[in-house]
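Residue numbers (our numbering): 7 to 804. A quick write-up on the structure given underneath.
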Amino acid sequence: MYWNSLPLIFRKLARNKTASMVRMLSLVTGITCVILIAAYVQNEFSFDRFHEKADRIVRLTMEYSVDGKANNIALTGTKPGPQFQRTFPSVVSFARLIRFSRVIAYNDKIFDESNVLFADSSILNIFSFPLIAGDIKTAMDGPGKIILTKTMAGKYFGNEEPIGKLMVIGGDQTYMVSGILADIPNNSQISFDFLIPFSNLWQSKSEDWWTANYITYLLLDNKSEIKRTEDQIVDYMRNLSKEELGLTGSDYQIYHLEPFTRVHLYSKLGGLDPNGNNAYVYILIIIAILILAIATINYSNMSIAVSSEAKTEIGIRKILGATRPLLFRHFLGETVLITFTAAIASWVIAGILLPLFNNLSGSAFDISSLMQPWIFILLVIISIALSLVSGAYPAFIIAKTGLAQMLKSGFHYSGTGGNVKRYLILFQFFISIILIITTLVIQQQRKFIRNKNLGYDKDYVAYLPLDNQVRPLYANLKLALKQDPRIQNVSAGYVSPTVINWTNSLQYAGEAGEKQITTRAIPVDLDFLNTLGVGIVAGSDFTEADLRELKESSNSENYLRSYILNETAVRNIGWTPEEAIGRQVTCGMPGVIKAVVRDFHIASLHEPVMPLVIFLNDNFLRVMYVKFNGSDIPAALATLEKTWKERVPARPFEFHFLDEDYESMYKSEERAAGIFGAFSTIAILLACLGLFGLAAITTIQRTREIGIRKALGATAENIAFLVSKEFIVLVVFAFIIAAPVSWFAAERWLVSFTYHMKVPFWVFGFSGMLVTLVSFLTVGYHSVKASLANPVDSLRNE
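Right, dumping it as structure tokens:
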């Protein structure tokens, strides 16, 4: 019976090419979106779950209060890991991690590597990073050893055997290759190219609670111990003396445990790499479901539209003995055939679109990502579900229609069915409008971020790394670069101004004795403020005399360092900028406030401006800033490269622009904007396809009415308005419902930024006009076609 129905199904599909293509296009588009989004979502939820002990690993985070203000960070000092292992039986092991950039050389191959991880040797036992060469017991059992990933081994050694070879790190330190690791998976929050024992750092020689520069992981003996161990650690820290912790008053320092597999999506504290965002993942899941729902609705509507045109054929089949179950199975079989064909086509198209989707989402999927068994299981489930949902309703309507009614007037939406049609239009455009408005808001916030006055000049500023080899050459390098008129200024500092995370305490004399506030701090060279365009509110900039005095008198007990504070720092203390000048404070060393500068953003706009202390110290210069005047950037870069290679032959020439650094902080927003924009476009196109199908149904059902109206003198404009008005009214009503929902969602999202725009009301007007216009054009096709039809053709059978 089913085989006999196949020729009929194929003939019907071939006879109605346009309708078949619309149905197929809807399903293929919807399923393709689901495949791509499912791959992305699965990858996000799979982060770090490849580690065998993942459910027993936790990350330490530090909560501390200074002068009554609580802070939470994902960094710790060197002491918490070893101390907690010694103190709590449930802590089996610990690993401290910190990542640096290093120049690495082997023979004539020399590269500036940014992904060099220093970690305790226990990292290979806690995490599942398999060695493919070397002995896990000895690979990190002492200083002077280095482990490479497989890719890096090929980069430096080619076909040579790497184990036992010597590499030079930082120009003056020799390390022996002791192991080769498999490349780190993309779904790992701990990523690196080189692994060096933590014991190579001088910081490993002592234990400190406060120097918070390290990510610390603990391995527990049982996953059920996480909450109990955290409570024990909190109690332990609260019972430590304030003298040991260096605290006063009501200040405190405690630690929390974050389950390792939740860090990537749920932690707001960052890590070695930017975290994901669980809200975006769940929104994508909803978008996938909604797009698939729109595609399903489109299929059902078009199926009824096509069958409406075939009423005579269906009526004759009923006369010849086709029963209701047989007709139901026939039309459902047609849906199954189309759906499974669409699923196969979607899988192929998803593979073709992977490079584009990778650019959009920042992922690194390849065709093997779509060859996973769960992908094929998902496709089968989707195909069966769509076949039942999208095929059962039209098949039921067709099968239940009586013979007399079928031959006389076909079948159509009526009563409750008419309301279903309206609800479908409302639903489709309600979702489409929400997606459009949300996308526009995200785009406008991106524009706000790009154009926000940050308090410093990020344009035309390049920065280059300084290490132990380059630092002694920096002064002469600076002088040489400033000879080029296209280079406006040169300075140096500890880090890029976009990521000033050095945390310190600033002590000052208050009315009730000595008080302190928590600040960020950055050691710099002369000309730091001028190079970055930071404005001075009160006081004066550092001078050559300040630098000379620092070098000559810094060891003297009477020496007072010069400090520059930002407006937030002096405001938190309770001074005006003018009152702050000349006041004595202590930030590691006693000093006086030389100047107060305007606030500038030292982190993402998600965070408020922090108090900041700027001071001179050429021992901590790790980044050189070069400010161009913008007249001829290529020529200025050529001068920079030539000067660097002449004076710094031991380190490759590599630079970054500050504005690119700033943009990189908003990768998740950039990706969200791209993904929302793409899928919003798809949703509105699918909704228009659905509207196209519903307009087709209405036009077919009202063919005789239209013919009679034309015979009685109705104009083409009257007919077009008659067909269009119901749909346009419904689209407008959908906008009225969607607008407040979109506004609420946009406001909730913008709250995650400390600095954000107000929701611009023009996005609602633009979205409403766009959807109305697109809807009018979509329905207009059928309206014009109906208005131009010859009434004789529609009335000849009456």
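For each residue, glycine too, the CB sits at the ideal point set by N, CA and C. Everything numeric in this text was worked out from a predicted model, so none of it was measured.
If you reduce the DSSP assignment to three classes, tell me which class residue i lands in.
{"i": "arginine 234", "result": "helix"}
{"i": "phenylalanine 417", "result": "In this prediction, phenylalanine 417 scores a pLDDT of 48, lower than 50, which makes its location untrustworthy; the coordinate-derived value is nonetheless stated afterwards. Of the three classes helix, strand and coil, the one that applies to phenylalanine 417 here is coil, per DSSP."}
{"i": "valine 34", "result": "helix"}
{"i": "asparagine 572", "result": "strand"}
{"i": "serine 96", "result": "coil"}
{"i": "asparagine 121", "result": "strand"}
{"i": "serine 559", "result": "helix"}
{"i": "proline 168", "result": "coil"}
{"i": "threonine 67", "result": "strand"}
{"i": "isoleucine 523", "result": "strand"}
{"i": "alanine 188", "result": "coil"}
{"i": "isoleucine 79", "result": "strand"}
{"i": "leucine 271", "result": "helix"}
{"i": "lysine 59", "result": "coil"}
{"i": "phenylalanine 106", "result": "strand"}
{"i": "phenylalanine 135", "result": "coil"}
{"i": "tyrosine 181", "result": "strand"}
{"i": "phenylalanine 759", "result": "coil"}
With 16 other CB atoms within 10 Å as the buried threshold, where does residue i fall?
{"i": "asparagine 510", "result": "buried"}
{"i": "phenylalanine 417", "result": "Because the pLDDT at phenylalanine 417 is just 48, under 50, the model does not fix this residue reliably, and the point stays unresolved."}
{"i": "proline 614", "result": "exposed"}
{"i": "serine 212", "result": "exposed"}
{"i": "threonine 67", "result": "buried"}
{"i": "valine 785", "result": "buried"}
{"i": "valine 354", "result": "exposed"}
{"i": "aspartate 241", "result": "exposed"}
{"i": "leucine 508", "result": "One point to set straight first is that residue 508 is tryptophan, not leucine, in the sequence displayed. Result: buried."}
{"i": "tyrosine 466", "result": "buried"}
{"i": "aspartate 638", "result": "exposed"}
{"i": "glutamine 494", "result": "buried"}
{"i": "glutamine 434", "result": "buried"}
{"i": "phenylalanine 807", "result": "Missing from the structure shown is residue 807; the chain here goes from 7 to 804 and no further."}
{"i": "glycine 423", "result": "Only weak support exists for where glycine 423 lies, its pLDDT of 47 falling under 50; the coordinates are left without a value."}
Hey, how far is the Cα of residue i from the Cα of residue j?
{"i": "valine 540", "j": "aspartate 531", "result": "14 Å"}
{"i": "arginine 715", "j": "alanine 740", "result": "30 Å"}
{"i": "threonine 267", "j": "serine 197", "result": "15 Å"}
{"i": "valine 619", "j": "glutamine 513", "result": "12 Å"}
{"i": "glutamate 676", "j": "leucine 275", "result": "19 Å"}
{"i": "valine 183", "j": "asparagine 206", "result": "14 Å"}
{"i": "alanine 641", "j": "glutamine 489", "result": "14 Å"}
{"i": "glycine 357", "j": "alanine 351", "result": "10 Å"}
{"i": "leucine 385", "j": "phenylalanine 682", "result": "23 Å"}
{"i": "alanine 218", "j": "lysine 85", "result": "10 Å"}
{"i": "glutamate 249", "j": "aspartate 473", "result": "36 Å"}
{"i": "threonine 155", "j": "glutamate 166", "result": "15 Å"}
{"i": "serine 497", "j": "alanine 481", "result": "9 Å"}
{"i": "serine 32", "j": "leucine 392", "result": "12 Å"}
{"i": "isoleucine 260", "j": "leucine 376", "result": "45 Å"}
{"i": "glutamate 110", "j": "leucine 187", "result": "Here the sequence assigns isoleucine to residue 110, which means glutamate is not the residue at that position. Those two C-alpha atoms are separated by around 17 Å."}
{"i": "alanine 752", "j": "isoleucine 443", "result": "8 Å"}
{"i": "arginine 657", "j": "tyrosine 162", "result": "16 Å"}
{"i": "isoleucine 152", "j": "tyrosine 112", "result": "13 Å"}
{"i": "tyrosine 8", "j": "phenylalanine 346", "result": "Low local confidence applies: a pLDDT of 44 at tyrosine 8 is under 50, so the model's placement there is unreliable, with the coordinate-based value given in what follows. In a straight line, the C-alpha of tyrosine 8 is about 16 Å away from that of phenylalanine 346."}
{"i": "tyrosine 223", "j": "alanine 101", "result": "5 Å"}
{"i": "glycine 461", "j": "serine 389", "result": "55 Å"}
{"i": "tyrosine 672", "j": "arginine 105", "result": "21 Å"}
{"i": "alanine 145", "j": "proline 168", "result": "13 Å"}
{"i": "serine 420", "j": "serine 306", "result": "Residue placement at serine 420 is flagged as unreliable, the pLDDT there being 47, under the threshold of 50; the coordinate-derived value follows with that caveat. Using only the alpha carbons, I get a separation of about 16 Å."}
{"i": "lysine 464", "j": "threonine 537", "result": "10 Å"}
{"i": "glutamate 647", "j": "glycine 164", "result": "28 Å"}
{"i": "glycine 282", "j": "alanine 45", "result": "15 Å"}
{"i": "phenylalanine 117", "j": "aspartate 372", "result": "28 Å"}
{"i": "tryptophan 768", "j": "asparagine 365", "result": "30 Å"}
Can you check whether the C-beta of residue i is within less than 9 Å of a C-beta belonging to chain D?
{"i": "aspartate 257", "result": "Absent from the structure is chain D; it holds one protein chain and no more."}
Check the DSSP bridge columns for residue i and list the partner residues they point to.
{"i": "phenylalanine 663", "result": "Ala468"}
{"i": "cysteine 593", "result": "Met595"}
{"i": "asparagine 49", "result": "None, per the DSSP bridge assignment."}
{"i": "glutamine 1", "result": "Since the displayed the chain opens at 7 and closes at 804, residue 1 lies outside it and no answer follows."}
Inter-stretch contact at 8 Å, needing at least 3 Cβ pairs: the stretch 626-641 / the stretch 559-568: Put simply, the stretch 626-641 does not touch the stretch 559-568. Fewer than three CB pairs are less than 8 Å apart.
Cβ contact check for the stretch 128-140 and the stretch 58-67: 3 or more pairs under 8 Å: Judged by Cβ distances under 8 Å, the stretch 128-140 makes contact with the stretch 58-67, as three or more pairs qualify.
Segment contact flag, the stretch 92-100 with the stretch 226-244, C-beta cutoff 8 Å, min 3 pairs: A contact exists between the stretch 92-100 and the stretch 226-244.
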